[in-house]
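In UniProt numbering, the protein residues as written are 1 to 124.
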């Protein structure tokens, strides 16, 4: 239980489930990218995907939101509501192309080819 208390000190102790740690809406992440990650930036590390809550300097820990709907940069392509989108690391944008990219979530509101961003629900 000590680990759960360290990871989620703001949560009351749960009597019904001894192994509950946290709700999973955010995660502490250590920035090892070599540069500051800006608030609102999408972070994809292996299968962990989240949006930075605040600026996270290189070498520091910060909070990533792992659920919720966020407006994120996308490739020049139309994306329809309900479509799965993936992180394209070389451009730091979202795309409908699955091959070689990391799943981010589901398009919440359609976006046209010329739109710079798309609203996406993380993880779904």
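Note that the Cβ used here is the ideal one computed from N, Cα and C, for glycine as well. Computed from a predicted model, the values in this text were never measured in an experiment.
Rounded to the nearest whole angstrom, the CA to CA distance from residue 49 to residue 65 is 8 Å. The Cβ neighbour count for residue 30, taken over all protein chains shown within 10 Å, is under 16; the residue is labelled exposed. When the Cα atoms are used, residue 78 and residue 112 turn out to be separated by approximately 4 Å.
DSSP places residue 71 inside the beta strand (DSSP E), whose first and last residues are 69 to 73. The Cβ atoms of residue 72 and residue 103 do not sit closer than 8 Å to each other. Around the beta carbon of residue 62, a 10 Å sphere encloses 16 or more other beta carbons of the protein chains shown; the residue is thus reported as buried. Taking the CA atoms as reference points, residue 43 sits about 7 Å from residue 52.
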